[in-house]
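Colleague:
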Amino acid sequence: MCLSWSLSRLAYLFLSCGLSPVFQGLKVSLVIPARNEAQSLPAVLASVPSCVDVVVVCDNGSSDGTGDVAKAAGAQVIVEERPGYGAACLAAIAVLRAQRPLPDILVFADADGSDDLSEMERLLQPITTDGAELVIGSRIARAAPKALTFVQRFGNQFAGLLVYWIWGQRVGDLGPFRAIRWEAYERLAMQDRDFGWTIEMQVKAAQAGLKVVDVDVNYRVRRAGKSKIAGTITGSLRAGTKILWVIARSALRDWTSGRAAPKTPA
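Laid out in structure tokens, this is it:
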């Protein structure tokens, strides 16, 4: 954890999930892709709990000083100029892969303040104590008013039905706040560089037969700025199209290869 974090922040961390014995000996790395989120990032980074050992913020071609803000807050900052949520995540993970020791658990969260990082211990608990390999923070039940649009809710349900129908894995949400064991992540060979990143992870987890668990989490209205997906009709259409494409492409590959979907826990 970066030495530049303030004493007041360390006091906050002392009271957060770092006291839990289940995290002893586990290296937790947090990946935050960020594009023009300079206004939101300070509060987001100040809320990172002490169970996190490394925070990597990927500045995804920002023009508002996002990288400088993240660096000032003590995060490790890398730059990925090629736009795309998946591109930013892949770039951050490439950096983590080159470091030692490797993470035991990867956590992903958005930079806009919509994810409640104080709930990270709840997100990690199925991995640390119940043998889960991938945990999705499900926003559906506890989203704040107007935090999720109708299009997002409908898209989540439709994508989830398709994944369940094809691979037998229940998908309640495609939320960005998620945790995965490092070994499980490496098995997935993630590739999507755009809006299909989250659904690709869940589809590949179903194909690989990973133990996937959903945990209800709070989801808030973003602190500042406009969503790159839900904030515009074009963004919503692009994201929806990409999600459907990832599902269709993955299903077609399974069918043409004769590979049957594994039986995963319902």
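Per the working numbering, the sequence shown starts with residue 416, numbered consecutively.
Every residue, glycine too, gets a C-beta built ideally from N, C-alpha and C.
Give the straight-line distance between the Cα atoms of Q606 and T564, rounded to the nearest whole angstrom.
Modeller: 27 Å
Colleague: Given K561, which residues of its chain have a CB within under 8 Å of its CB, disregarding the five upstream and five downstream residues?
Modeller: V636
Colleague: Where does G552 sit, in a helix, a strand or coil, going by DSSP?
Modeller: Looking at G552 - three-state DSSP - the assignment turns out to be strand.
Colleague: Scan the segment 434-506 and note each continuous alpha helix (DSSP H) run of 4 residues or more that stays entirely inside, going in chain order.
Modeller: 456-461 and 481-487
Colleague: Can you say whether S665 is buried or exposed, counting buried as having 16 or more other CB atoms within 10 angstroms of its CB?
Modeller: buried
Colleague: Is L521 helix, strand or coil when you go by DSSP?
Modeller: strand
Colleague: Where does A666 sit, in a helix, a strand or coil, going by DSSP?
Modeller: Helix, per DSSP.
Colleague: Residues in its own chain within less than 6 Å of L667 by CB, not counting five upstream and five downstream?
Modeller: none
Colleague: So, is L576 buried or exposed, given that buried needs 16 or more other C-beta atoms within 10 angstroms?
Modeller: exposed
Colleague: Assuming V632 contacts E534 under a Cβ cut-off of 8 Å, what Cβ separation, rounded to an integer in Å, is found between them?
Modeller: 5 Å
Colleague: Following the continuous beta strand (DSSP E) through R596, name the residue where it begins and the one where it ends.
Modeller: R593 to R596
Colleague: Pull up the distance between the alpha-carbon of I493 and that of D479, whole angstroms please.
Modeller: 15 Å
Colleague: Leaving out the 5 sequence neighbours to the left and right, which residues in its chain are closer than 7 Å to K626 when beta-carbon positions are compared?
Modeller: Only G546, A547, E548 and P680 meet the Cβ criterion.
Colleague: Measure the CB-CB distance between I520 and R602 and report whether it falls below 7 Å.
Modeller: no
Colleague: If you follow the alpha helix (DSSP H) that D545 is in, where does it begin and where does it stop?
Modeller: M535 to D545
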